[in-house]
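Visitor: One structure is given below, represented as structure tokens, and several questions about it will come after.
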Amino acid sequence: MNEFRELTLEDEVAFKAYLNEWDDLDAIVPSATNFSRYLSFEDMVQKLDVRKFDAEWIPNTTLFYFVDGVIVGAANIRHHLNEQMIKTGGHIGYGVGKSYRKQGYATKILATALDYCKTLGLDKVLVTCDEDNIGSSKVIMNNGGVEDTPYIQKEPGFEGVKSRRFWIEL
């Protein structure tokens, strides 16, 4: 059975198995799922819930894609964009564990995230990826992405990185 949902405290074992899918936890996508940012699994579940409404953040929801109880990927969905997210980041960041890549899960995760965006009242969604991420650009285009002008990043540590930007009509 496939599910696209928020984490609960009962998902700790599945989440820890998902972390093993990432060689570098600092590279985990979406970054909201980077466990090193939290004090504990319980802290992470609580903070992900608060971020849907917290004024400190762009309101966002993190959903995990489960297949038969196993987390294969996740998506972080921003409910609206600020100036920076329009340049790079967009409405949706998604990732798939290494064992599940090239099996169509990224396409399913993005499609399901787009359905969630409809429930937020969005009618147009921005999704971005780095220029060298050919797989992600294909996933975005397979979900109806139309490429817009790229953004050359100027932020420290990312100078010169080109973000490809795609708009998807819902």
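Residues in the sequence shown are numbered from 138 upward in steps of one, following the numbering used here. Each residue gets a CB set at the ideal place from its N, CA and C atoms; glycine is no exception.
#1: Output the boundary residues of the beta strand (DSSP E) element that contains Gly232.
#2: Can you tell me the Cα-Cα spacing of Ala243 and Gly210, whole angstroms?
#3: Quick check for students: name the residue ranges of the beta strand (DSSP E) that lie wholly in the segment 165-247, counting only runs of 3 or more.
#4: So is Gly282 buried or exposed if we call it buried at 16+ other beta carbons inside 10 Å?
#5: So is Met113 buried or exposed if we call it buried at 16+ other beta carbons inside 10 Å?
#6: Look at Ala212 and Ala164 and say whether their C-beta atoms are less than 7 Å apart.
#7: Would you give the residue range spanned by the beta strand (DSSP E) that Glu306 belongs to?
#8: Look up Asp252 in the DSSP assignment and say whether it is helix, strand or coil.
#9: For Phe141 and Lys153, I'd like the C-alpha separation in whole angstroms.
#10: Going by beta carbon distance, what residues of the same chain come within less than 8 Å of Met222, once the five residues before and after it are set aside?
Guide: Checking against the coordinates, here is how it stands:
#1: Residue numbering aside, residue 232 sits at position 95 when the sequence shown is read from its first letter. Element bounds for Gly232: 229-233.
#2: Within the sequence shown, numbered from 1, the residue matching residue 243 stands at position 106. Within the sequence shown, numbered from 1, the residue matching residue 210 stands at position 73. Approximately 8 Å between the Cα atoms of the pair.
#3: 197-204, 207-215, 229-233
#4: By 1-based counting over the sequence shown, the position of residue 282 is 145. Gly282 comes out buried.
#5: There is simply no residue 113 to check, as the chain begins at 138 and stops at 307 in what is shown.
#6: The residue you call residue 212 lines up with position 75 of the sequence shown. The residue you call residue 164 lines up with position 27 of the sequence shown. No, the Cβ-Cβ distance between Ala212 and Ala164 is not below 7 Å.
#7: Looking up residue 306 in the sequence shown gives position 169. Looking at the DSSP string, the run of the beta strand (DSSP E) that includes Glu306 is 299-306.
#8: As a working note, residue 252 is residue 115 in the sequence shown. Note: Asp252 maps to helix in three-state DSSP.
#9: For the purposes of this step, residue 141 is taken as residue 4 along the sequence shown, with counting starting at 1. For the purposes of this step, residue 153 is taken as residue 16 along the sequence shown, with counting starting at 1. Those two C-alpha atoms are separated by around 17 Å.
#10: The residue labelled residue 222 in the question sits at position 85 within the sequence shown. For Met222, where only same-chain residues beyond five positions count, the Cβ hits under 8 Å are Ile195, Arg215, His228, Leu263.
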